[in-house]
Amino acid sequence: MQKLYLLLLLFYFIYGAKSQVIPFKVSGRYQLLGQVTNVVTSSDNYNGQSTWIFLSLNIPGLAIGTFNGYFSKITAIFSHILTSRPDVAGSLGVYYNRTVDLFDMIKLCNLSNSSIIQGKVLTGKFHIFIKCYDTKTDKIDWSGSPNFTAPLVSVEPANCTSDKRCTEGYCGMFQRKAYIYSKHTISTKEDYYCPNDLISFLFFEINNNLFTAPYLISLSNASFACIDKTEATNENLRSYPMFYWYLSCYDQFAVGKPEFKPFPTFDSEGNVTPGYPYVAVGSGNSKMNYFIFKKKFIFAFILNIIIKKIYYDV
């Protein structure tokens, strides 16, 4: 009898743990921007819906987790995750339905039917596993799921400056001095950010055609320093097009907290006009607020035109 029990238990862990008998139960959790959310049943979960979605994802530096539920609930969660950072939203922008301001989960389910969805964003390669089921199905099977696991508890937010409280639990800073050829001028920028606000800023910086190609290309791997909680820098001070930038992502209590360095002087700097203004992205006390237009997602159809092939080829 004991052997039979052990065999049944083994069978459950091998197969049962990756299948769920109806009635389906809304469950799972995900971490977004350092904060953990448990996916639970609410009074409006069902509402006559016939589609059930199982989803597991890992987007470096932004989100990780595995959860399942009725169509509308999971669609809303997934869309909220993707639109939390423009490089992530843009990588799947062709699946965004501007009529309802949500991603088309049915198309994504069909895309993910035979394999895990993969793509490149500024922080590396993301992986998304999606399965859609009719709620009349006797049993669902997600044996192909990578089961990305979110932490059990949220990260303690970091008070990075007097007006920035970063839910990722650490801080970011960036400074830049770059020659703008078309304006024959120099642009400078220096500010503190929450980590994903900084990554979002870098995304818009990289896609700003005012800047020269050498400067933009030099930023292509800068976001990795932020998710690794380290620093990075690059410069070209002696020949056109001149640029300098410094980035650091750090723990607020770290010994030897980084500080902004004096901007270097470019060769022949006296021949160009200094101080070209550039609008900041991500001011505020949370990375959730930098996207004023996030919910409308008005840039979704534009991003697929402007995103450079070097960043999003898979």
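Numbering (mature numbering (1 follows the signal peptide of the UniProt record, and there is no 0)), first residue to last: -19 to -1, 1 to 295. Glycine included, every Cβ here is placed at the ideal spot set by N, Cα and C. Note that the structure is predicted; figures quoted are calculated from it, not measured.
{"Item": "Please work out which residues of its chain come closer than 8 Å, Cβ to Cβ, to L191, disregarding the five sequence neighbours upstream and downstream, and give them in chain order.", "Value": "I161, S163, K164 and S168"}
{"Item": "Taking just the CA atoms, how far does A213 sit from I45?", "Value": "25 Å"}
{"Item": "Closer than 6 Å by C-beta to G153: which residues in its own chain qualify, once you throw out the five before and the five after it? Chain order, please.", "Value": "Y174, P176, L179, C207 and C230"}
{"Item": "Taking the straight line between their C-alpha atoms, what separation do you get for T80 and N39?", "Value": "27 Å"}
{"Item": "Identify which residue in G237, F234, F5 and E250 has its Cα closest to the Cα of D119.", "Value": "F5"}
{"Item": "Just the Cα atoms here: how many angstroms apart are Y76 and P67?", "Value": "14 Å"}
{"Item": "Considering only the beta carbon of each residue, do P41 and G105 sit closer than 8 Å?", "Value": "yes"}
{"Item": "When you compare only the Cα positions, how much space is there between residue 301 and F185?", "Value": "An answer regarding residue 301 cannot be provided, because it is not within the stretch -19 to 295 covered by the chain."}
{"Item": "Grab me the residues of V134's own chain with a C-beta within less than 8 Å of its C-beta, minus the 5 sequence neighbours each way, in chain order.", "Value": "V17"}
{"Item": "Just the C-alpha distance for L83 and S53, rounded to the nearest angstrom, thanks.", "Value": "10 Å"}
{"Item": "Between which two residues does the alpha helix (DSSP H) carrying N177 extend?", "Value": "P176 to I187"}
{"Item": "Just mark G74 as buried or exposed, buried being the case when its beta carbon has 16 or more other beta carbons within 10 Å.", "Value": "buried"}
{"Item": "Per the DSSP calculation, N140 is bridged to which residue(s)?", "Value": "R146"}
{"Item": "Can you tell me which of N189, L13 and T148 puts its alpha carbon nearest to the alpha carbon of I62?", "Value": "L13"}
{"Item": "Can you tell me whether E149 is buried or exposed? The criterion is at least 16 other CB atoms within 10 Å of its CB, across all chains shown.", "Value": "buried"}
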